[in-house]
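Notes follow once the structure below has been shown.
4 protein chains.
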Amino acid sequence: MQIEKYKIDELNHQASSKHERAFEYVAADVKDLESVLAKLEAFNVAIPSWALGTGGTRFGRFSGGGEPRSLEEKIEDVGAIQALNKSSNSISLHIPWDIPSNADAIKAAAAHHGLRFDAVNSNTFQDQKDQQHSFKYGSLHHVDKAVRKQAVEHNIEVIKYGVELGSNALSVWLADGSNFPGQLNFRGAFQNTLESLQEIYEALPDDWKVWVEYKPYEPNFYSTTIGDWGQSLLLANKLGPKASTLVDLGHHLPNTNIEQIVSLLLMEGKLAGFHFNDSKYGDDDLTVGSINPYQLFLIFNELVEGMDARGMTHATDIGWMIDASHNLKDPIEDLLQSVEAIKIAYAQALLVDTAALKAAQAANDAVQAQEILQAAYRTDVRSLVAEARLRAGGAINPLAAYRSLDVRGNLIKERGAKTVATGL
Amino acid sequence: MQIEKYKIDELNHQASSKHERAFEYVAADVKDLESVLAKLEAFNVAIPSWALGTGGTRFGRFSGGGEPRSLEEKIEDVGAIQALNKSSNSISLHIPWDIPSNADAIKAAAAHHGLRFDAVNSNTFQDQKDQQHSFKYGSLHHVDKAVRKQAVEHNIEVIKYGVELGSNALSVWLADGSNFPGQLNFRGAFQNTLESLQEIYEALPDDWKVWVEYKPYEPNFYSTTIGDWGQSLLLANKLGPKASTLVDLGHHLPNTNIEQIVSLLLMEGKLAGFHFNDSKYGDDDLTVGSINPYQLFLIFNELVEGMDARGMTHATDIGWMIDASHNLKDPIEDLLQSVEAIKIAYAQALLVDTAALKAAQAANDAVQAQEILQAAYRTDVRSLVAEARLRAGGAINPLAAYRSLDVRGNLIKERGAKTVATGL
Amino acid sequence: MQIEKYKIDELNHQASSKHERAFEYVAADVKDLESVLAKLEAFNVAIPSWALGTGGTRFGRFSGGGEPRSLEEKIEDVGAIQALNKSSNSISLHIPWDIPSNADAIKAAAAHHGLRFDAVNSNTFQDQKDQQHSFKYGSLHHVDKAVRKQAVEHNIEVIKYGVELGSNALSVWLADGSNFPGQLNFRGAFQNTLESLQEIYEALPDDWKVWVEYKPYEPNFYSTTIGDWGQSLLLANKLGPKASTLVDLGHHLPNTNIEQIVSLLLMEGKLAGFHFNDSKYGDDDLTVGSINPYQLFLIFNELVEGMDARGMTHATDIGWMIDASHNLKDPIEDLLQSVEAIKIAYAQALLVDTAALKAAQAANDAVQAQEILQAAYRTDVRSLVAEARLRAGGAINPLAAYRSLDVRGNLIKERGAKTVATGL
Amino acid sequence: MQIEKYKIDELNHQASSKHERAFEYVAADVKDLESVLAKLEAFNVAIPSWALGTGGTRFGRFSGGGEPRSLEEKIEDVGAIQALNKSSNSISLHIPWDIPSNADAIKAAAAHHGLRFDAVNSNTFQDQKDQQHSFKYGSLHHVDKAVRKQAVEHNIEVIKYGVELGSNALSVWLADGSNFPGQLNFRGAFQNTLESLQEIYEALPDDWKVWVEYKPYEPNFYSTTIGDWGQSLLLANKLGPKASTLVDLGHHLPNTNIEQIVSLLLMEGKLAGFHFNDSKYGDDDLTVGSINPYQLFLIFNELVEGMDARGMTHATDIGWMIDASHNLKDPIEDLLQSVEAIKIAYAQALLVDTAALKAAQAANDAVQAQEILQAAYRTDVRSLVAEARLRAGGAINPLAAYRSLDVRGNLIKERGAKTVATGL
């Protein structure tokens, strides 16, 4: 199904007076209003192909209805999201869950919805039917050269698919690690990983990047071979300028100061981008902003400040992607909430009075610094985000529109109530 | 010094047009506006006597200037806070740091500032000069009956001071615990604590309560004898109806769902009240709302809902107190920020559309439930809080007023730049 | 397959001189040697029926070979473990993964291997094919009475299966919880759970117990309705004397002092028993003793002391069960290592000089208390455990025997290399 | 006081038959026995000058008796430890707590006890009387160049003292960080720290090293400017070959895999050394090996393996130091227990069957790898450590000897019962 523009317009018309009142109220106090709106309008977050189906845990998976049965249907779903929120203009493919059988047709289908292809993702954390070697004991870090070779070749194949689709980055997340003390030689595992990544790096086209993700635990529970940002950065530095570090918000030990890591990676020119989600306990993969929205704001505060300092423009220099598991919620609703939370955090960060903050920092005035940050954070920026979206042709209230138009009901009618999308 | 009312009025006059615009905007959408404002106006948070001085860590303490040198000056400081925010009409004494030498004079001094005395706090975590037995190895849980007796007597003496001042609750926080496996018999420690608390309980006046605080670690680093809410509740149930559990926000293991504990203690009729602060790592004692304001809102959401369900009124049935350590900030500024954060969270919780939330819960609609909570949370309620304060005779912007009137500068002039208040 | 006794005897003969030298060395210093050996010989740990197959994570599952294809084959596997270690004389069934189609035949098969049936386990964390209501949003805590009823009936059915097999306890672990703030009313969820458990409690035969397990998170990631020992104990107390609290070692927030919880539950007469495993990050379900063996010893130290204080005998009063996920190891090898680690910890705890420890505690002599505990812990008790096993007819070195006899190779020959056992 | 050798000999004589029986039993199975004993004999751990007095927490400090009142008396205390355990032949000075007024006299006093001076430690986490600028808001990272300069000069002065005493390393631990979001610009703080460290680096003598310590939190509770090993390594790499990363075991977020960090720092040639202690919750500074002795063993396992791989010899290439806070125990007893725990872990690591472990790792045999590690760990090596100590002229049982000789009683007689040593 495709959401027709006139339906969105109708709903916007109904919501417009309430929206205008809110927007006018908040806009009056925004310095550089047009610049802020332009930045919000330009900001997009990629939707991963694995996020359109209901996720699960090791204890079970409770599928919803109308889940996409093919890559084409996944593109349709992202198209619906983009039609509503005008902030999700790309899709990030996971191989082999979503191998494009005909790249041109897939690109055309995406273009029809105004979509392009973001980073491609390899998978060496599962065994695929008929693969020669098992990844049970790891992939790029494996003690056996033949297994490493198989994993390297898989990554190179993923690059190939990405090239066909116009992508320009490979995102590598490794499950490689160990469950028990003694199982691994840590140095050996690191060196093997480095060697494997170097082979993949060699295969990168000139304009490509490789993003090295880290994670402290799960699915291995004693060690992970790329366990923290320090290890990822060490690898990225040894690899070269095309390699950098990807930050998944859920991949940190309890209480980690993620915003500081983001700031330092930006400083080093090694921040690849983000996998957005939220969590309370670990890699919980919950809706972005559902647990700790202030932390999300603090991260965007570092991004806005750090990218300004480097003269970076947002849309092109950093990868932004949702990475969550929608175990209970309708995946499309979850993604709409997630993108909205990200844009709210971004809008709040854009409202920070940078000059005043610098002055407070120079005076060690922690009270005032907090006031400045929280003044931006406590501002109700929802209508700013809505206005930017409205100007881009989206819905004032994407989630309400999604429900009002009964998109899920229509998808169930089209696809059935018992479909199960590929993914976790 | 005392902040004169006309100065606050002048500042309010300057701020009034901005305030009115904001208030009118947000008030238009508030159901039961007058009821919300009345609740906000009635809400007060006690200021502990130990919070008026600069705190410290085991690594050092960097005092500020103009700190109160006596209980009378501490009352003056709370008076200044109350004059500005009209939400801090009581003071919570810590004995023996602030023993009132003349109760009538102290009560009169407090009344002069519109203050009364909240819960009194005992201290068995330090040795006082000339005390017979040391609390090095604990107090109420001690293996030696004589030490327990000394600790019980101290608590009974604290009650006596409280009675003189018109307080009606004893707050007990124990540092009792162990640093090493084997040091303690856990059951013995629990039973000794219970026996000691029973003796204190017997000494409570009829209309008094005893609040049993819990904490997982620090200053002991292997076990704490009242380590979590389960242990505190076990004791409170064995003690009787006058005993209940006090929740200090910083006293939890990483990732604890505090709002669930609050909800269940309310259900059991055993929620004594709160020690408010914020933290990232442990008992960090930071400004309330400075690290995770959404969690604070979620706690207030449980409070509003749970107290309504029990027919409780806020001001009288639960103890509200700041408990923080102002290592870097001006203590009065920190307290003003903390009370403001609490009232903002409370105001947001009052805006939750309860009926809609119940409907969403009944339908397992997690998406809608989140929308409802976050709609309240994202509302900029600062002007609601300010309006309630204005009606009560306080400042629209307490912190700005404090700075504008140079209260600290005047205190330094009066008291000197090198004073050090009693406390941690 | 069945391991023939003479083969074990042969291997024991080869290992005997080395064993005897070790045993004689350590036994010389053991007070009450025969009593210690008798306790070790009498100590058994139940093997859960879901632990005989390779486990997995949400990211994938890498099956091994020769996994049991039926309950009968699972009993065979436990029989092999018991033949080797003589400490695993019971099996704990999980319904509906292992519904006994013919109870008499199953009992006979078990008896053939010297096995009986321990606690039975219900499952309301997954949907079974054709079940009327989904457990997607919980079971015993569900907002919908009809779903709760279905879950209660399932538990009652599990009791029925247990009665047929001679079991006398129902173990209840609930995945019930929420992923997002607002999704649940915590009090409502608790009250529904209590009501459901009361209905199950009513259906318990006279000599049965119900064990209430707790867990802070996973598979729900914001709240769990029975989240910690305090909540479980609250329920158990409201239910009555047949209800008590089950401790799964992996179900705790970071840094929790588990041994203190064990001690207090024993004190309250509400310790149901254990699910043993080990972990570094969360509910990692690793081999018992593989990550933090000293903590395991400290737990056994509390058990030995606390059970002595209550006059309890081990084998009958408390439930002991492995609960782990063998993602990488051969499940039988993992179970052999786990039982061995438990028995080593138990043996060490039996060596603690209790009288000296009490004296050190009475003197607040933390140095000496640590020396006493660590003297027991540092003693190499492996030969004591082996001697007890030898006397019971088991193997001196169960794991070495398992490998030497190529049990897995034979299982693969019998069952095939691509079997997948039911379970997680 | 000084412990006379003949008294130790007498006690050893009494303990010798028990020791010999134990030693002979365990030694029979040790490959390369003499090499193991030689390594144990050569292994020494520095005692910090601040560890001879009773520590405390922010809640209080309970001093013991007979604490050293001067640097000379601290040297005496370390001399007593060294006389007993022959593994503590150096002292690590903290400036300005222990400024040597006469370097030659201090060196002579140390030499008299067979002691030399290990790394010197600077202190910019407290303000000293009369210092011009305050370190309230940090030192090397400070926004104000003048404060940074003062901190740099202090470090250079510490080097000067170290040179006089024959030390050759500067250990830098910074409390620099922030308590609140917004207080700091993270990049600015990092760059200032780097610049300051470069100035200190320039002042290092040719044969000196600078050790850069990291810590995630405390005394700052939102961010630390050198917060983790990644940040420390980034600084060390930018500084040059004389700079490396110091690992304090207590300075990690919950559940951190410290042994992996140790392994990777060794791989990079950037492991400066250790501050040993143990902890359950955070930087608890408890006796080494009192909470998680298996983790300590795993760290030594990496050290033995990694240093062998680099051809390093232990005594000279890495810094080993205790860093703990003895709040409850007699400091000397705590230190004796700590050094013993370290040597036990080292001895166990030396017993690991390296060849078998490599084979198991090459086969991904996690079961066997665990068996190999735990076989070494479960071996009772106490008599090996004692034998090495005996050969070096120390006591078979240092702690028992300390008590038997009533060293503390004598110190109290000499120094008084109410002394308080400098330090935390």
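Chains G, F, C and H, in that order, are what the protein sequence lines are.
If you count the first sequence from 1, you need to add 33 to reach this note's numbering.
If you count the second sequence from 1, you need to add 33 to reach this note's numbering.
If you count the third sequence from 1, you need to add 33 to reach this note's numbering.
If you count the fourth sequence from 1, you need to add 33 to reach this note's numbering.
Glycine included, each C-beta is placed from N, C-alpha and C at the ideal position.
Subject >> Residue from C:366, C:155, C:87 and C:423 whose Cα sits closest to the Cα of residue 102 of chain C >> reply: C:87
Original post:
Could you give the residue range of the alpha helix (DSSP H) that holds residue 300 of chain F?
Top reply: 291-300
Original post:
How would you list, in chain order, the residues of chain F whose beta-carbon sits under 7 Å from the beta-carbon of residue 261 of chain C?
Top reply: 263
Original post:
What in chain G is Cβ-close to residue 468 of chain C, meaning under 8 Å?
Top reply: The structure shown does not extend to residue 468 of chain C, since chain C is modelled only from 34 to 457, so the question has no answer here.
Subject >> Where the segment 392-406 of chain G meets chain H: residues whose CB sits under 8 Å from a CB there >> reply: 393, 394, 395, 397, 399, 402, 403, 405 and 406
Original post:
So what's residue 91 of chain G in DSSP terms, helix, strand or just coil?
Top reply: coil
Subject >> Option nearest residue 112 of chain H by Cα separation, candidates H:38, H:179, H:281 and H:324 >> reply: H:38
Original post:
Taking 6 Å as the cut-off, does the CB of residue 301 of chain G come closer than this to any heavy atom belonging to the ligand SAH?
Top reply: Although the ligand SAH was asked about, the structure shown includes no ligands whatsoever.
**OP:** Since I believe residue 256 of chain H is in contact with residue 293 of chain G (beta carbons under 8 Å), could you give me their beta-carbon distance rounded to a whole number of angstroms?
**Re:** 5 Å
Subject >> Chain-ordered residues of the segment 158-191 of chain C with a beta carbon less than 9 Å from chain G >> reply: 158, 159, 160, 167, 168, 169 and 170
**OP:** Quick one: which residues of the segment 210-228 of chain F get their C-beta closer than 8 Å to a C-beta of chain D? List them in chain order.
**Re:** Structure shown: chain D not included; protein chains present are G, F, C and H.
Subject >> Opening and closing residue of the beta strand (DSSP E) in which residue 244 of chain G lies >> reply: 242-246
Subject >> Three-state secondary structure (DSSP) of residue 364 of chain C >> reply: Helix.
Subject >> Helix, strand or coil at residue 36 of chain C according to DSSP, with G and I counted as helix >> reply: coil
Subject >> residue 335 of chain G versus residue 201 of chain G: straight-line alpha-carbon distance, rounded >> reply: 25 Å
**OP:** Starting from residue 211 of chain C, follow its DSSP beta bridges and name the residues at the other end.
**Re:** C:256
Original post:
Mind checking if residue 323 of chain H is an interface residue toward chain C, Cβ cutoff 7 Å exclusive?
Top reply: yes
**OP:** At 3 residues or longer, and completely inside the segment 144-218 of chain H: list those beta strand (DSSP E) runs for me, N to C.
**Re:** 202-205
Subject >> Cutoff 7 Å: residue 300 of chain G Cβ touching any chain H Cβ >> reply: yes
Original post:
So residue 21 of chain H and residue 455 of chain H are in contact, right, with Cβ under 8 Å, and what is the actual spacing, rounded?
Top reply: In the structure as shown, chain H starts at 34 and stops at 457, and residue 21 of chain H therefore has no counterpart that could be examined.
Subject >> Neighbour flag for residue 364 of chain C against chain H, beta carbons, 7 Å >> reply: Using beta-carbon distances, residue 364 of chain C does not count as an interface residue toward chain H, since no partner is under 7 Å.
Original post:
residue 112 of chain H by DSSP, collapsed to three states: which one?
Top reply: helix
Original post:
Which residue from H:315, H:104 and H:227 puts its Cα closest to that of residue 138 of chain H?
Top reply: Residue nearest to residue 138 of chain H within the set H:315, H:104 and H:227 is H:104 (criterion: CA-CA distance).
**OP:** For residue 331 of chain H, I'd like the list of residues in its chain whose CB is within less than 7 Å of its CB, leaving aside the five on either flank, ordered along the chain.
**Re:** 292
Subject >> Alpha-carbon spacing of residue 391 of chain G relative to residue 400 of chain G, whole angstroms >> reply: 13 Å
Original post:
Residues of chain F with CB under 7 Å from residue 413 of chain G, in chain order?
Top reply: 411, 412 and 413
**OP:** Determine the direct distance from the alpha carbon of residue 84 of chain C to that of residue 372 of chain C, and round the result to whole angstroms.
**Re:** 13 Å
Original post:
Which value, in whole angstroms, describes the spacing of the CA atoms of residue 264 of chain H and residue 181 of chain H?
Top reply: Rounded to the nearest whole angstrom, the CA to CA distance from residue 264 of chain H to residue 181 of chain H is 19 Å.
Original post:
Over what stretch of residues does the alpha helix (DSSP H) that includes residue 262 of chain G continue unbroken?
Top reply: 262-272
Original post:
Using Cβ-Cβ distances below 9 Å, what residues of the segment 332-347 of chain H are close to chain G?
Top reply: 334, 335, 338, 339 and 342
Original post:
Is the CB-CB distance between residue 188 of chain C and residue 233 of chain C below 7 Å?
Top reply: A contact, by the Cβ cut-off of 7 Å.
Original post:
Comparing alpha-carbon positions, which option in F:365, F:403 and F:379 lies nearest residue 433 of chain F?
Top reply: F:365
Subject >> residue 454 of chain H: first and last residue of the uninterrupted alpha helix (DSSP H) it sits in >> reply: Looking at the DSSP string, residue 454 of chain H is not in any alpha helix (DSSP H), and its letter there is neither H nor E.
Subject >> Top-ranked residue by Cα proximity to residue 77 of chain G, from G:58, G:45 and G:119 >> reply: G:119
Subject >> residue 323 of chain H burial status per 10 Å Cβ neighbour count (16 or more: buried) >> reply: buried
Subject >> Distance CB(residue 251 of chain C)-CB(residue 356 of chain C) smaller than 7 Å >> reply: no
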